[in-house]
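Asker:
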Amino acid sequence: QFKEVAIQSRNAVFNMYLKSAEDQREEYKKKHELNLKKMDAFQHTLNNNEKLSSTFVQLINERCNKISERIQCIYKYKRQCFQSKLN
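Quick note, the sequence shown lines up with residues 173 to 259 if you use our numbering.
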């Protein structure tokens, strides 16, 4: 009986952890998207001598996309690890 309660408690803690991680991921994703929009808006207010080249902006965007993909992979891996521990 105590073992069952301990397992249920552990599962509840893992589920709360996963929910917290998902919420945090969404929060930072929104902040990242907002910062990209700010950077884009800022680029339009600069004169031609101050603007970043379109190639440089493209490289920044590609790098951000790669980082996002890696974060997603890490998140999925951790989720799988936690779910396998629950079973």
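C-beta: ideal position from N, C-alpha, C; glycine also.
Would you mind stating whether Lys223 and Gln215 have Cβ atoms separated by less than 8 Å?
Answerer: Closer than 8 Å, so yes.
Asker: Verify whether the separation of the beta carbon atoms of Phe186 and Phe254 is less than 8 Å.
Answerer: yes
Asker: Put Gln173 into one of helix, strand or coil per three-state DSSP.
Answerer: coil
Asker: Would you mind working out which of Ser192, Asn237, Leu218 sits nearest Arg167, comparing C-alpha positions?
Answerer: Outside the modelled stretch of the chain, which goes from 173 to 259, sits residue 167, for which no answer is possible.
Asker: Just confirm the distance between the C-beta atoms of Tyr247 and Arg197, as a whole number of angstroms; I'd bet it's less than 8 Å.
Answerer: 6 Å
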